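With my numbering as the guide, the letters of the sequence shown map in order to residues 251 to 669.
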Amino acid sequence: METFVNVPEGSHFPLQNLPYGVFERPDDGERHVGVAIGDSVLDLAVLHERGLFEHDALRDERPFDRPSLNAFMSLGRPVWQAVRERVTRLLRADEPALRNDEALRNHALLARDDVTMLLPAEIGDYTDFYSSKEHATNVGTMFRGEENALKPNWTWLPVGYHGRASSVVASGTDVRRPCGQQRPDDNAPPVFGPTKLLDFELEMGFFTGPGNALGESIAVEDAEEHIFGMVIVNDWSARDIQGWEYVPLGPFLGKSFATTVSPWVVPMAALEPFRTGGPEPDHEPLEYLKESGSHAFDIHLETAIQTEVMNAPHTVCRSNFRYLYWSMEQQLAHHTVNGCNVRPGDLLASGTISGPTPDSYGSLLELTWRGAEPLDLPGDAGERTFLEDGDRVVMTAWAEGDDHRVGFGEATGRVLPAR
Ligand code: CA
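Printed below as a string of structure tokens:
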């Protein structure tokens, strides 16, 4: 499948991807929904205005002439599919409607470098799971010892907590080092100050489409209909604040200061060719979490660090989305089994995705084994145990096709000194 738009070699955004995002136009400052193709953004609001989307559900709606994807997410999978087919057709090399209309093309196709990307959705609720067995085992081993690493509930339910939606930020937003209580000495009272153990967490998240009514639930076999697409998530963490506060109710201020997401939401249809099996479960789950078929995706994940003295980011972790023990469908079924309602544009993140080998650990906590084994950085950059002021963290992800990549772009953020 060829497109008339230039797609550079190795681009994350070939015709097979077509992720959705929200951007600000450089000419009139309008905020619209667009699709990434090569180094360009296709403005769907402009195409809609021109009458190029004929689907009934889109005739009276203006889901693209908005500063968020929520309205489009709420329309459901048949509409997502129709729009994807239409956009694919319009971008094809053998389709003249857009290709041969110079005025329309100039207005609808913008250079990605010229637009400002915004948060893809107005996120009502953000939930963070803990679905990587390797990560949960590593962290449990460090904090509670090898014997007690995984709590008995872990293989029975997707453990998670309610995160903070207000501090989810788009890639490129600087992150201020948080202050809070820590207790470095177990025999002394806690102290207050900037975190000394600032960390990243390599995660992926999905945005929900149509939700469920309060009091009802989403069955695991129907969950796909409610999953719009995926992004990269960096769930920044302050380990010393977290370590002191987390008993008995779990993460709070050690997590809620910032969460970074990549701006392009890759639709599930684009990831379908990369569907694969996940890890074998330790035992059969309870009935409402049972699913057949393959529910993991082969998505390569990387995290890199660039300190102030480095010219380029240096990769410190390579992992894969398919390592997750609990699938997105199981997470959504579990989340709603008590009747809790999710809404279009909610963000559900996976939890740190660590693999089986030390170079695949998805956080500095694990990569440096709580600071005991510092990472060597190239050149004069020295070593790192946890993040220092000025460090930039760059996460990227892609699925590898035969001759193309279906990618997620980047989720980046730089650490600013504490106030
Ligand atoms: Ca997390």
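Note that CB positions come from ideal geometry on N, CA and C, so glycine has one too.
These numbers come from a predicted model, not from an experiment.
Take F254, set aside five residues on each side of it, and the residues of its chain with a beta-carbon closer than 6 Å to its own are A343, R349, in chain order. By the C-beta density criterion, R634 is buried, having at least 16 other C-beta atoms within 10 angstroms. Measuring C-alpha to C-alpha distances from G284 to each of P513, P606, A622, I555 identifies P513 as the nearest. Non-local C-beta neighbours of G374 in its own chain, meaning closer than 8 Å and more than five positions away in sequence, comprise A415, R593, G595, D596, ordered along the chain. Between the region 476 to 491 and the region 516 to 532 there are three or more C-beta pairs closer than 8 Å, enough to call the two in contact. Here N484 is bridged, per DSSP, to L452, T510. In this structure, G601 has its CB closer than 8 Å to one or more heavy atoms of ligand 1.
Between L447 and G493, the CB-CB gap stays under 9 Å. Take the alpha-carbon of D277 and the one of V365: they are about 9 Å apart. Here Q492 is not bridged, per DSSP, to any residue. For W330, the three-state secondary structure derived from DSSP is helix. For A649, the beta-bridge partners assigned by DSSP are V656. The alpha carbon of G663 has as its nearest neighbour, out of T618, D449, V272, F322, the alpha carbon of D449.
In the three-state DSSP reduction, G284 falls in the strand class (E or B). D306: member of the alpha helix (DSSP H) spanning 306 to 309, first to last residue. A distance below 6 Å between beta-carbons, with the five flanking residues on each side excluded, links S577 to the following residues of its chain, in chain order: H545.
Across the set Y270, H564, D490, the C-alpha of Y270 shows the shortest separation from the C-alpha of F658. Between the alpha carbons of L627 and L614 lies a distance of about 13 Å.
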